[in-house]
Amino acid sequence: MPELPEVETVRRMLENEVLGKRIEHVDVFRDKNVVTGAEEFKEAVKGKRIEKMGRVGKFLIFHLSGGLALVSHLRMEGKYYDGSYEDPVSKHEILRFRFEDGSRLSYLDTRKFGVIYLKKEDELMSAPPLTEVGTEPWATDPEALLKAYRRKKGPLKEALLDQGIMCGLGNIYADEVLYATGLHPLKRCPTLTLDDAKRIVEESSRILKMAIENGGSTIRSYHPKEGMDGRMQNALKAYGMVGHPCERCSFPLAKIRVGGRGTTYCPHCQRDEEHPFVVSVTGPIASGKSSVGRYLEANGFRRIDLDEVVRELYQDPAILEEVDRILGLSSKENGLDRKAALEILANDQKKKSELEAYIHPLAYEKAIEEAANSHADKLVYEVPFYLGSPIEEITNCLIYVEASQENKEKRILERGKNPEEALALNGSYPWLEAKAKANVVISTNGSIDDLVAKLKAYQYLG
Ligand SMILES: [Zn+2]
């Protein structure tokens, strides 16, 4: 869909081709697109000269002699083509002007959503559709923008697309502006600050001006004209770049849907308290999850260890009673009888499954609640039972840790536990499946310094 820079490119193209030409005749092949009436339009523009090509937001304006103006919105796929009036008529042609020199200008629209209005010049700016167009970014006051945006209940990206407040951003440049400002596409409008609004205005102006200089983006549905390609698509940092590493932090750009529109963004750079960057660390028992978690904690991540959450749950008498019932234990006096529990879990797959089905959902719920209450914008979950969990659904980046059998056994012994029993808890869990999903796979066999050096290579973990 053409956005402001593309429409400006079309305006400049038309200025070169049709300025000063006199309209001798108009064929309208599809009346519906001329919203002010096709018959009246054909009559009125006959004999008029195109005096000036203007643009307001994404509306093109043909200023005609005789105090008339033709207002054209290309919507999804509208395009203007020139040539000879004798050229065959395309099946997508909506209308065709014949100029007195025998040349033509055709309006084509494969989707047929484009609209054309005939207006009196002196009423142009005082009646719809142009009164419904907001200010262009370079003419937008950040305070006014903030006030208008904060009234909106939906996500920020939807506000950026609202042409009635600030005009000019469509799906492509809205993604670019969000990326440049570091704001999350789903940020709730009422949480915007004046500083956010200033950056939105600044980046919208900068990006749209750069796009105009580059002749717009030539992408899928939009070509101003055959043989005419914009160059802005080469300068896009977010739109169409899903899976590519972010230019700032190297994390792969992700795609989500916002109000039905595909939206590409960097989950690491575009974050806030309500939309944190979520890292999960998974891997078998004693593979070194905590070493990675602690490194991230030292780098500003809020750390939540699911094993710890489970241990806290066992302190709750009601939960402990249920755990005892499942395992056939009676450990009420001094909390959970860990040694006995471990032995049962290592040997009785049925009881292990039953316990997990009970305790894991409680642990996920508590962990996610703890994360929300922390208001952190970077989170790390150490989560041994990751696959299919609600944590998996909210994770942006998965780190898989692995260690040799020897190292795992050594670590378990250091914790005063029986390696054979503890490692039996890894059971038949599909570790390879978890590993295959990981953004980062890291071996923890070396020293801590070694591990830190490896993690430092990932900018977005720092
Ligand atoms: Zn980034």
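In our numbering, each residue's number is its place in the sequence shown (first place is 1) plus 1457.
Note that the Cβ used here is the ideal one computed from N, Cα and C, for glycine as well.
Collapsing the DSSP output to three states places residue 1481 in a strand. Ranked by Cα distance from residue 1833, the options 1736, 1809 and 1869 are led by 1736. DSSP places residue 1471 within a helical segment (H, G or I) once states are collapsed to three. When secondary structure is reduced to three states using DSSP, residue 1854 falls in the strand class.
Beta bridge pairing from DSSP links residue 1702 with 1709. Under DSSP, the beta-bridge partners assigned to residue 1623 are 1592. Those residues having their beta-carbon less than 6 angstroms away from any non-hydrogen atom of ligand 1 are, in chain order, 1703, 1705, 1706, 1708, 1723, 1725 and 1726.
Within the same chain, and ignoring the five residues on either side of residue 1916 in sequence, the residues whose Cβ sits closer than 6 angstroms to its Cβ are 1706 and 1707. Rounded to the nearest angstrom, the gap between the Cα atoms of residue 1715 and residue 1913 is 33 angstroms. In this structure residue 1634 is not in contact with residue 1674, their Cβ atoms being roughly 14 angstroms apart against a cut-off of 8 angstroms.
With contacts defined by Cβ atoms closer than 8 angstroms, residue 1515 and residue 1461 form a contacting pair. Relative to the Cα of residue 1623, the nearest Cα in the group 1659, 1644, 1570 and 1647 belongs to 1659.
Annotated three-state conformation of residue 1632 is helix, per DSSP.
Within the same chain, Cβ atoms closer than 8 angstroms to the Cβ of residue 1884 are found at 1806 and 1809, the five residues on either side in sequence being excluded. Judged by DSSP in its simplified three-state form, residue 1672 adopts coil rather than helix or strand. Taking 8 angstroms as the upper bound for CB-CB distance, residue 1743 and residue 1879 are in contact here, some 7 angstroms apart. For the pair residue 1827 and residue 1776, the CB atoms are not nearer than the 8 angstroms cut-off. Judged by DSSP secondary structure, residue 1911 falls within the alpha helix (DSSP H) whose first and last residues are 1905-1913. In the three-state reduction of the DSSP assignment, residue 1612 falls in the strand class. The criterion of a C-beta distance shorter than 8 angstroms is satisfied by residue 1507 and residue 1476. For residue 1518, the enclosing beta strand (DSSP E) has its first and last residue at 1516-1521. Across the set 1621, 1579, 1572 and 1542, the C-alpha of 1542 shows the shortest separation from the C-alpha of residue 1562. Taking one beta carbon from each stretch, the stretch 1599-1617 and the stretch 1647-1654 have 3 or more pairs nearer than 8 angstroms; the two touch. The distance from the Cβ of residue 1858 to that of residue 1746 is about 6 angstroms, consistent with a contact at the 8 angstroms cut-off.
The DSSP-derived three-state label of residue 1501 is helix. Within its own chain, the residues whose Cβ lies closer than 7 angstroms to the Cβ of residue 1522, once the five positions on either side in sequence are excluded, are 1505, 1506 and 1508, listed in chain order.
When the beta-carbon positions are compared, residue 1853 and residue 1734 come within less than 8 angstroms of each other. Shown here for residue 1855: same chain residues with a beta carbon closer than 6 angstroms to its own, the five before and five after excluded, namely 1737, 1894, 1895 and 1896 in chain order.
Here the alpha carbons of residue 1864 and residue 1668 stand approximately 55 angstroms from one another. Between the alpha carbons of residue 1850 and residue 1554 lies a gap of roughly 55 angstroms. Rounded to the nearest whole angstrom, the CA to CA distance from residue 1866 to residue 1840 is 20 angstroms. In the three-state reduction of the DSSP assignment, residue 1742 falls in the coil class, being assigned neither a helical nor a strand state. Under the DSSP assignment, residue 1547 falls outside any beta strand (DSSP E); it carries neither an H nor an E label. At a Cβ-Cβ threshold of 8 angstroms, residue 1758 and residue 1837 count as neighbours. Each residue's CA atom was taken as its position, placing residue 1625 and residue 1665 some 8 angstroms apart.
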